[in-house]
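Down below is the structure, laid out as structure tokens.
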Amino acid sequence: MPDRCKVLCDDDLIGHHAYIAYEDCLKSLVTFMTLPVDKCVHWNTQTSKECRALPPFDIKVNRRGTACIIEWVCPTGHTMIQDHYCIDTIKQFWQEKRAEIIQRLSSKDGVVALADGRMDSPGHCAQYCTYTTMDNDTKEIISIVTVDKRETMRNSVIMEKEAFIRTVDQLLTEVNLKEICTDAHVQISALMNQDRGKYKDTGIRHTLDMWHGAKGLAKRINAAGQQSGQGILLLWSKDIVNHFWWCCKQAETYKQFLELWCGILHVSNEHVWALGKCQHDCLVEGRSKAWIEQRSSAHSALSDIIYSKRWLKDIPKYLNFRSTSDLESFQNQILMYAGKRFAFSPPVYEARTILAALDYNHHRDRPAKERADGTKMYRRLYKKKSRSWSVYAVKKEKTYDYIPDLQRKILEKRLSSGTGLKRTASHRPEDPQRLGNLPDVPPPSIQELVQTQVSRGRETV
1 MPDRCKVLCD DDLIGHHAYI AYEDCLKSLV TFMTLPVDKC VHWNTQTSKE
51 CRALPPFDIK VNRRGTACII EWVCPTGHTM IQDHYCIDTI KQFWQEKRAE
101 IIQRLSSKDG VVALADGRMD SPGHCAQYCT YTTMDNDTKE IISIVTVDKR
151 ETMRNSVIME KEAFIRTVDQ LLTEVNLKEI CTDAHVQISA LMNQDRGKYK
201 DTGIRHTLDM WHGAKGLAKR INAAGQQSGQ GILLLWSKDI VNHFWWCCKQ
251 AETYKQFLEL WCGILHVSNE HVWALGKCQH DCLVEGRSKA WIEQRSSAHS
301 ALSDIIYSKR WLKDIPKYLN FRSTSDLESF QNQILMYAGK RFAFSPPVYE
351 ARTILAALDY NHHRDRPAKE RADGTKMYRR LYKKKSRSWS VYAVKKEKTY
401 DYIPDLQRKI LEKRLSSGTG LKRTASHRPE DPQRLGNLPD VPPPSIQELV
451 QTQVSRGRET V
């Protein structure tokens with residue numbers, strides 16, 4: 001191979017453009033080139049003979065890849081390259097970037113963290129739980145933990161709890177964590193219980209996401225509105241939920257919340273009571289929305305919902321008015337790197353979620369696109385559930401400026417290894433695959449399955 005085509009250092013590849021070309025175009029290019037050989041000197045390892053063919057040479061290509069018929073690396077080679085050079089390098093690159101974030105946060109008096117978990121598939125069939133933590137001020141991902149089902153005795157129900165414990169235990173050693181906001185997960189709430197929880201002595205305040213709280217309230221009201229004679233609750237559901245948002249935003253204490261929450265009496269046409277009154281202006285004439293009659297079945301059902309002791313005891317957790325909506329956006333971005341239609345080994349899945357975190361942190365502050373006159377560009381979005389239109393700003397394209405640095409580290413690891421790929425691969429010490437197969441039932445032999453399998457209309461497969 002000519003010296004200019006050999007890869008001796010990372011600069012021989014990093015920053016160079018790569019293209020996908022059609023085979024016919026390459027053959028057309030080759031016809032204008034003359035190779036400085038009189039015959040092919042390729043050595044066939046199977047026959048132990050030289051090819052010794054005379055020009056023009058014929059090129060054979062094995063078709064692999066997608067419907068585009070693009071020539072990819074063979075699946076085995078792709079997997080081995082991932083395991084040997086990519087996975088550990090990606091993790092190390094993430095730790096370096098994360099260390100910079102933690103160093104900045106360690107100087108703060110108190111860190112407010114937003115946390116949420118994501119399963120790789122719905123229901124009880126999930127294999128992975130990715131638990132992500134974000135700094136509330138900068139919106140940077142500061143922790144991402146992946147738990148395999150095998151690490152929780154093959155019980156997917158407690159994967160999020162296990163991931164939360166790992167996250168908090170790590171952050172407590174790195175930053176001054178004063179508050180963590182999550183969804184209303186029962187197991188996490190038990191861990192953060194101020195009297196009996198695992199973290200009761202850490203001084204961390206546990207708050208709940210406003211959107212999930214409002215969603216739960218709307219769900220209960222809509223369920224009650226489906227009952228006979230209580231359909232009027234459906235008309236007031238949105239107004240009641242909006243009032244809940246407003247009360248949580250205005251109130252600083254539980255007592256102030258209850259004073260504002262009494263404004264819910266508005267739905268029964270009661271606007272003044274013993275200790276206060278509604279905050280709205282005079283009502284317009286000729287309004288068409290019906291009031292909820294007092295002592296009616298709908299009024300009783302609504303009272304049971306809004307004055308439920310179980311619901312009211314969580315109200316103090318909403319008064320900081322936190323939201324994990326940015327985490328929801330990041331979890332959608334994970335699908336770019338680890339789609340639910342594909343299966344990944346635990347190390348590969350973890351590396352792919354880390355790539356999503358690197359992508360999100362690097363591009364989180366992208367500015368919006370602007371027109372020639374300097375105005376921002378917007379796009380409309382139709383929401384089927386609310387049957388309404390919304391608008392969002394169009395951001396500038398991603399730059400991926402960090403990718404060359406990551407590529408350089410991967411290539412450096414390959415060049416410094418001194419050897420090629422190993423013929424056999426072994427699991428890492430921390431790989432959950434060492435704990436056995438995902439199902440808890442040991443698999444029979446293939447021959448036994450072939451003999452016992454019965455398919456439709458036939459005795460054997």
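In the UniProt record's numbering, the protein residues as written are 1 to 461.
Note that the Cβ used here is the ideal one computed from N, Cα and C, for glycine as well.
These numbers come from a predicted model, not from an experiment.
Review point. In or out: Pro439 buried (at least 16 other Cβ within 10 Å) or exposed?
Key: exposed
Review point. By a C-beta neighbour count over all protein chains shown, 10 Å radius and 16 as the cutoff for buried, is Tyr318 buried or exposed?
Key: buried
Check your understanding: Should residue 463 go down as buried or exposed, given a rule of 16 or more other Cβ atoms within 10 Å for buried?
Key -> Outside the shown range of the chain, which is 1 to 461, sits residue 463, and nothing can be said about it.
**Study point:** Per-residue DSSP class, three states only, for Ser106
**Key:** coil
**Study point:** Nearest residue (CA-CA) to Trp236, options His266, His42, Glu259
**Key:** His266
Exercise for review: May I ask you to report which of helix, strand or coil DSSP gives Ser288?
Suggested key: coil
Exercise for review: Using the DSSP secondary-structure output, state which residues sit across from Tyr131 in a beta bridge.
Suggested key: Paired residue(s): Gly117, Val145.
Point to revise | Own chain, CB closer than 6 Å to Asp239, minus 5 neighbours either side, in chain order | key: Once the five neighbours on either side are set aside, Asp239 has no close Cβ partner at all.
Exercise for review: Decide yes or no for the touch test of the stretch 144-151 against the stretch 364-373: beta carbon pairs closer than 8 Å, at least 3 of them.
Suggested key: no
Exercise for review: Can you tell me which of the three DSSP states Cys25 falls into?
Suggested key: helix
Review point. Do the CB positions of Leu421 and Met80 come within less than 8 Å of each other?
Key: yes
**Study point:** 8 Å contact criterion, which Gln333 and Tyr360 should meet: CB distance rounded
**Key:** Going by Cβ atoms, the distance from Gln333 to Tyr360 rounds to 6 Å, so yes, they are a contact pair.
Exercise for review: Compute the distance between the beta-carbons of Leu177 and Ile204, then report whether it is under 8 Å.
Suggested key: yes
Practice item. Could you tell me whether the Cβ atoms of Pro347 and Arg414 are closer together than 8 Å? Key: Not in contact: Pro347 and Arg414 (Cβ atoms no closer than 8 Å).
Exercise for review: Spell out a yes or no on whether the stretch 99-110 and the stretch 322-337 are touching, meaning 3 or more CB-CB pairs, one atom from each, closer than 8 Å.
Suggested key: no
Check your understanding: Buried or exposed: which applies to Leu13, given that a residue is buried once 16 or more other Cβ atoms fall within 10 Å of its Cβ?
Key -> exposed
Practice item. To the nearest angstrom, report how far apart Val391 and Gln170 are at their CA atoms. Key: Here the alpha carbons of Gln170 and Val391 stand approximately 39 Å from one another.
Exercise for review: Check whether the Cβ atoms of Ile101 and Ile142 sit closer than 8 Å, and answer yes or no.
Suggested key: Yes.
Review point. Is the closest heavy atom of the ligand ZN to the C-beta of Thr424 under 7 Å?
Key: In the structure shown, the ligand ZN is absent, as is every other ligand, since no ligand is present at all.
**Study point:** Rounded separation between Met1 and Glu397 - CA only
**Key:** Note that Met1 has pLDDT 46, beneath the 50 cutoff, so the model's placement of it is unreliable and the number below is only indicative. Roughly 39 Å separates the two Cα atoms.
Point to revise | Under the three-state DSSP convention, the category Tyr402 falls into | key: coil
Point to revise | Extent of the continuous beta strand (DSSP E) run through residue 462 | key: Only positions 1 to 461 of the chain appear in the structure, and residue 462 is not among them; the question remains open.
Point to revise | Nonlocal neighbours in the same chain, by C-beta distance under 7 Å from Ser296, ignoring five residues either side | key: Taken in chain order, the list of residues that qualify is empty.
Review point. Counting Cβ pairs, one atom from each stretch, are 3 or more of them under 8 Å apart for the stretch 122-129 and the stretch 313-327?
Key: no
Practice item. Indicate whether Thr324 and Asp116 have their beta-carbon atoms separated by less than 8 Å. Key: yes
Exercise for review: Classify Gln82 as helix, strand or coil using the three-state DSSP reduction.
Suggested key: helix
Practice item. From the DSSP output, in three-state form, read off Tyr392 for me. Key: strand
Check your understanding: Should Val441 go down as buried or exposed, given a rule of 16 or more other Cβ atoms within 10 Å for buried?
Key -> exposed
Check your understanding: Can you tell which of Lys409, Leu260, Ile232 has its C-alpha closest to the C-alpha of Asn242?
Key -> Leu260
Point to revise | Contact set for Arg371: own chain, Cβ-Cβ below 8 Å, skip 5 residues either direction | key: The beta carbon of Arg371 is closer than 8 Å to those of Met377 in its chain, skipping five residues each way along the sequence.
**Study point:** Inter-stretch contact (C-beta, 8 Å, three-pair minimum) for the stretch 401-413 and the stretch 82-89
**Key:** yes
**Study point:** Cβ-based burial, Lys161 [other Cβ within 10 Å; buried from 16]
**Key:** buried
Exercise for review: Compute the distance between the beta-carbons of Trp245 and Ala214, then report whether it is under 8 Å.
Suggested key: The answer is yes: Cβ separation under 8 Å.
Review point. Hey, which unbroken runs of the alpha helix (DSSP H) at 4 residues or more fall wholly within the stretch 154-242?
Key: 159-172, 186-191, 210-225
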